[in-house]
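Just below is one structure, and these are the notes that go with it.
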Amino acid sequence: MRQPHSLGKSLLILLMRGLSRLNFLLAVISAVVLVAATGAVFAEIMSRLLFGKSLLWVVELSGYALLYMTFLGAPYLLEKNRHVAIDIVTENLHPRWRVPLGCAMSLLGAAVCFYATWYGLAVTLDQYQFGTRETTVLAPHSYLLTWVFPLGMFLVAIQFVAQALACLKR
1 MRQPHSLGKS LLILLMRGLS RLNFLLAVIS AVVLVAATGA VFAEIMSRLL
51 FGKSLLWVVE LSGYALLYMT FLGAPYLLEK NRHVAIDIVT ENLHPRWRVP
101 LGCAMSLLGA AVCFYATWYG LAVTLDQYQF GTRETTVLAP HSYLLTWVFP
151 LGMFLVAIQF VAQALACLKR
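Residue numbers (UniProt numbering): 1 to 170.
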């Protein structure tokens, strides 16, 4: 029979494995969006070059693609420690201070991301409720663009919490 502590630990491991798979899936989607946006920009260039006509939707779609790429890819990058990090301070700290600083920074990052999640979710729900549209050529519903922000921030916050927990185990 499993101990309650062991069962909780097993559930946490399963949850983190599932989140890791979700992060990977979202990173793959982010990569597909990057390739599609690159193809659209190439089509825009060729259209101008060959036909002298611009594809009006490409610039707008490229902007939306940047939003999706950023917030769908960020959780995976943080999970794999591939995000941008400025380590000039930590590299020059005494080794015994690096772990506590890492824990503190992970907890601060999680707090900021959880707040951004809450605020982003409120904005997205507001846009959905009022049927807000972008004032652009394609005029999409705003919530179709902004929903990736709270999702990405929530998953990044979870990764920061996981980093803090890993830090505490050291």
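Beta carbons are placed, not taken as given, at the ideal position from N, Cα and C, and that holds for glycine.
All values derive from a computational prediction rather than experimental measurement.
- Spanning the alpha carbons of histidine 141 and valine 33 requires a straight line of approximately 19 Å.
- Taking the C-beta atoms as reference points, leucine 168 is found no nearer than 8 Å to cysteine 113.
- In terms of CA proximity to glutamate 91, Leu101 leads the group Leu50, His83, Leu101.
- In the three-state scheme derived from DSSP, where H, G and I count as helix and E and B as strand, arginine 98 is classed as helix.
- Secondary structure of arginine 133 (DSSP, three-state): strand.
- Around the CB of threonine 124, 16 or more other CB atoms lie within 10 Å, so the residue is classed as buried.
- For alanine 74, the enclosing alpha helix (DSSP H) stretches over residues 57-79.
- Here the alpha carbon of tryptophan 118 sits roughly 26 Å from the alpha carbon of alanine 31.
- Here alanine 37 is buried. Its C-beta has 16 or more other C-beta atoms within 10 Å.
- Taking C-beta separations shorter than 7 Å and ignoring five residues to either side along the sequence, the partners of tryptophan 57 in its chain run Val137, Leu138, following chain order.
- Between alanine 74 and valine 156, the CB-CB gap stays under 8 Å.
- Leucine 11 places its beta carbon 8 Å or farther from that of phenylalanine 71.
- Per DSSP, the continuous alpha helix (DSSP H) segment holding valine 156 begins and ends at 148-169.
- In this structure, the alpha-carbon of serine 20 lies about 10 Å from that of leucine 26.
- In terms of Cβ geometry, tyrosine 143 and glutamine 159 do not form a close pair [threshold 8 Å].
- Cβ contact annotation for alanine 110 (same chain, cutoff 7 Å, sequence separation greater than five): Ala157, Phe160, Val161, Ala164, in chain order.
- Membership of valine 89 in the alpha helix (DSSP H) is indicated by the continuous run 88-91.
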